[in-house]
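Q: Okay, handing you the structure first.
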Amino acid sequence: APGRVNLIGDHTDYNAGLCLPIALPHRTFIALKPREDTKVRVVSDVDSENVTEADLDGLQAGGVEGWAAYPVGVAWALREAGFDAVQGFDAAFSSCVPLGSGLSSSAAMTCSTALALDDVYGLGYGASDAGRVTLINAAIKSENDMAGASTAGLDQNASMRCTFGHALRLDCRPELSPLENVSQQEFDLDKYGLELLVLDTQAPHQLNDGQYAQRRATCEKAAEILGVANLRVVADSIAKSDDPFQALKETLDKLEDDTMKKRVRHVITEIARVNSFVRAFANGKIDEAGRLFNASHDSLAADYEVTVPELDIAVDVARANGAYGARMTGGGFGGSIIALVDKGQGHEIAQKIADRFEKEGFNAPRALPAFAAASASREA
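Residue numbers (the working numbering): 1234 to 1613.
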């Protein structure tokens, strides 16, 4: 199963908003053998000397510690959903999705596990897009309830539902069916002579330290104050108004403190930016697409406050050296940036960022080749 890059639309999924991820060519591979009991044994190439063991029998939420919580949690979640056929398993993982990079290494692990369990236990959900939503839900539950890392589905949908050469416009409104909530948007970089630079800043990325959950809770509180089910309702209303800027101001004036106002402003404007980016890229308006990248990052930095110095400096250097636009991608607090650049410029810009990082005393960044790859699959 692949990692992902979200082109635009960050911290919108848990607000019933819009996101635009692509699957990366970088993948997590799992070799899985079913067992006839409820024991699970897992090992990873990151620490190949240590096998972690667990037992699904009587397992409760939060009952597994460390990285093993992610794959074990998928089997637990499927059993909790009534798939009693799922028993224990032995599994080995190998991954080229950088850990802690904000490129969804955790979703790559849970989604590869879900697809493998579906295969070996004959559940029959992995062969269709609609069926994969069941597996996605198990992957989400594993991260939220077993690993304690709050996630709302962007990463898992990208890993399981993206198609080659396309970005996935994901509409996270809960009332939409799996057939209604995604559309494939062509993302052909060659068509416009472009390259997507993905750069892992090597600033550690952690979602289970409470910052993500804190922002989510603030958004939910804001929706409650505004009398709506979620902030998407407000975003859609503002987008349809005669004067969106005035409508946004009036909405923010109803909220109780400056921090909440900033969080809500980001969510509402970021949802609008997703549709604007789709239109701009489809029409070959690359300057506009780049401007939207920049606006998204600036909002994530100033209003959502999820960037760190490594992210901001990498973005600044990319913009100063010819990128059409650059932004952090993912949850923030470390992780990666993306930059839309002319084909052939990515290496030079990445080197300039590396030079600046060395001067700042940061860890050396890692540039990754990127294109819109395919979703999770069985390889053998």
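Using N, Cα and C, we set each Cβ at its ideal position, and we do this for glycine too.
Bridge partners for residue 1561 per DSSP, in chain order?
A: For the purposes of this step, residue 1561 is taken as the residue at position 328 of the sequence shown. Note: residue 1561 sits in a beta bridge opposite 1570.
Q: In three-state DSSP terms, what is residue 1434?
A: Taking the first residue of the sequence shown as 1, we reach residue 1434 at position 201. It is a strand residue.
Q: Nearest to residue 1260 by CA position, among 1275, 1238 and 1598, is which residue?
A: Translated into the one-based positions of the sequence shown, residue 1260 becomes position 27. Among 1275, 1238 and 1598, the Cα nearest to that of residue 1260 is on 1238.
Q: Indicate whether residue 1254 and residue 1401 have their beta-carbon atoms separated by less than 9 Å.
A: Position 21 of the sequence shown, counted from the first residue, corresponds to residue 1254. Position 168 of the sequence shown, counted from the first residue, corresponds to residue 1401. Closer than 9 Å, so yes.
Q: Can you give me the start and stop residues for the alpha helix (DSSP H) that residue 1471 sits inside?
A: Numbered from 1 along the sequence shown, position 238 holds the residue referred to as residue 1471. Taken as a continuous stretch (DSSP letters only), the alpha helix (DSSP H) holding residue 1471 covers 1464 to 1473.
Q: Assign residue 1433 to buried or exposed, taking buried as 16 or more other Cβ atoms, counted over all protein chains shown, within 10 Å of its Cβ.
A: Taking the sequence shown and counting its residues from 1, the one referred to as residue 1433 is at position 200. Classification for residue 1433: buried.
Q: Just tell me which of 1430, 1384, 1595 and 1464 has its CA closest to the CA of residue 1605.
A: The count along the sequence shown starts at 1 and reaches residue 1605 at position 372. Taking only the C-alpha atoms, the option nearest residue 1605 is 1430.
Q: Shortest alpha-carbon distance to residue 1336 belongs to which of 1575, 1562 and 1585?
A: Locating residue 1336 in the sequence shown gives position 103, where the first residue counts as 1. Out of 1575, 1562 and 1585, 1562 has the C-alpha closest to the C-alpha of residue 1336.
Q: Could you tell me how far apart the beta carbons of residue 1350 and residue 1311 are, in whole angstroms, since I believe they sit closer than 8 Å?
A: Walking along the sequence shown from the start, residue 1350 turns up at place 117. Walking along the sequence shown from the start, residue 1311 turns up at place 78. Right, their Cβ atoms sit about 6 Å apart.
Q: Within the same chain, show all residues whose beta-carbon is closer than 7 Å to that of residue 1321, passing over the 5 residues directly before and after it, in chain order.
A: Working through the sequence shown from its first residue, we reach residue 1321 at position 88. Same-chain partners within the cutoff: 1268, 1270, 1271, 1272, 1273 and 1289.
Q: Under the three-state reduction of DSSP, which class applies to residue 1244: helix, strand or coil?
A: Counted from its first residue, the sequence shown places residue 1244 at position 11. DSSP places residue 1244 in coil when its eight states are reduced to three.
Q: State the DSSP-derived secondary structure class of residue 1371, mapped to helix, strand or coil.
A: Taking the first residue of the sequence shown as 1, we reach residue 1371 at position 138. Of the three classes helix, strand and coil, the one that applies to residue 1371 here is helix, per DSSP.
Q: Return the CA-CA distance between residue 1471 and residue 1519, expressed in angstroms with no decimal places.
A: Along the sequence shown, one-based indexing puts residue 1471 at 238. Along the sequence shown, one-based indexing puts residue 1519 at 286. One C-alpha to the other measures close to 26 Å.
Q: Among 1436, 1516, 1374 and 1344, which one has its Cα closest to the Cα of residue 1333?
A: Translated into the one-based positions of the sequence shown, residue 1333 becomes position 100. Looking at the Cα atoms, 1436 is the closest of the given residues.
Q: Go ahead and label residue 1571 buried or exposed: buried means 16 or more other beta carbons lie within 10 angstroms of its beta carbon, across all protein chains shown.
A: Taking the sequence shown and counting its residues from 1, the one referred to as residue 1571 is at position 338. So residue 1571 ends up on the buried side.
Q: To the nearest angstrom, how far is the alpha carbon of residue 1614 from that of residue 1448?
A: One cannot answer for residue 1614 here, as it falls past the ends of the chain, which runs 1234 to 1613.
Q: Using the Cα positions of residue 1461 and residue 1450, report the straight-line distance between them to the nearest angstrom.
A: What you label residue 1461 is simply residue 228 of the sequence shown in a count that begins at 1. What you label residue 1450 is simply residue 217 of the sequence shown in a count that begins at 1. Answer to the nearest angstrom: the Cα atoms are 15 Å apart.
Q: Tell me the start and end of each unbroken alpha helix (DSSP H) in the region 1274 to 1343 that is at least 4 residues and wholly inside, in chain order.
A: As far as the region 1274 to 1343 is concerned, its whole alpha helix (DSSP H) runs of at least 4 residues are 1302 to 1313.
Q: Could you check which residue in 1314, 1581 and 1403 has the C-alpha nearest to that of residue 1240?
A: By one-based count along the sequence shown, residue 1240 stands at place 7. With distances taken between CA atoms, residue 1240 lies nearest to 1403 out of 1314, 1581 and 1403.
Q: First and last residue of the alpha helix (DSSP H) that includes residue 1444?
A: Reading the sequence shown from its first residue, position 211 is the one you call residue 1444. Its alpha helix (DSSP H) spans residues 1444 to 1459.
Q: In angstroms with no decimal places, state the Cα-to-Cα distance between residue 1369 and residue 1514.
A: As a position in the sequence shown, residue 1369 is number 136, starting the count at 1. As a position in the sequence shown, residue 1514 is number 281, starting the count at 1. Straight-line Cα distance between these residues: approximately 28 Å.
Q: Once the 5 residues before and after residue 1521 are set aside, which same chain residues still bring their CB inside 7 Å of it?
A: Your numbering for residue 1521 matches position 288 in the sequence shown. Here the set comprises 1513.
Q: For residue 1554, which three-state DSSP category applies?
A: If you number the sequence shown from 1, residue 1554 lands on position 321. Here residue 1554 sits in coil by DSSP.
Q: I need the DSSP call for residue 1502, collapsed to helix, strand or coil.
A: For the purposes of this step, residue 1502 is identified with residue 269 of the sequence shown, where counting begins at 1. DSSP places residue 1502 in helix when its eight states are reduced to three.
Q: Name the residue from 1469, 1595 and 1428 whose alpha carbon lies nearest to the alpha carbon of residue 1573.
A: As a first step, residue 1573 must be located in the sequence shown, where it is residue number 340. Checked all of 1469, 1595 and 1428; the closest Cα to residue 1573 is 1428.
Q: In the DSSP assignment, find the unbroken beta strand (DSSP E) run with residue 1268 in it and report its ends.
A: Here the question's residue 1268 lines up with position 35 in the sequence shown. Note, residue 1268: premise wrong, no beta strand (DSSP E); not H, not E.
Q: Tell whether a beta-carbon distance below 9 Å holds between residue 1306 and residue 1507.
A: Translated into the one-based positions of the sequence shown, residue 1306 becomes position 73. Translated into the one-based positions of the sequence shown, residue 1507 becomes position 274. Contact: no.
Q: Would you give the residue range spanned by the beta strand (DSSP E) that residue 1600 belongs to?
A: Translated into positions along the sequence shown, residue 1600 becomes position 367. 1599 to 1601 is the extent of the beta strand (DSSP E) around residue 1600.
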